[in-house]
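Numbering (our numbering), first residue to last: 499 to 580.
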């Protein structure tokens, strides 16, 4: 049996983040959730890279572009599909 694929959700709207997570869990994905780009980068620093990042285009503290720019600077994260 294969390990479940991990998806990181980056979404500042609590209800949307919860709904996306529940839908993905029903489909047997392991889901991690963060509320903004800074929190997502902190998560990535402390955990293995997810198989996919699903993200909002607007969230507080940093823009989606800033988040992607930071993500692509680190070779561990550069190939994670968004």
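Where is the CB? At the ideal position from N, CA and C, for every residue including glycine.
For residue 551, DSSP records a beta bridge to 506.
Per DSSP, residue 520 is one residue of the alpha helix (DSSP H) stretching across 512–524. Taking 9 Å as the cut-off, the beta carbon of residue 535 is found closer than this to the beta carbon of residue 565. In the three-state reduction of the DSSP assignment, residue 531 falls in the strand class, which pools E and B.
Residue 544 and residue 568 have their C-alpha atoms some 15 Å from each other. If you look at residue 576, you'll find it isn't in any alpha helix (DSSP H); DSSP assigns it neither H nor E.
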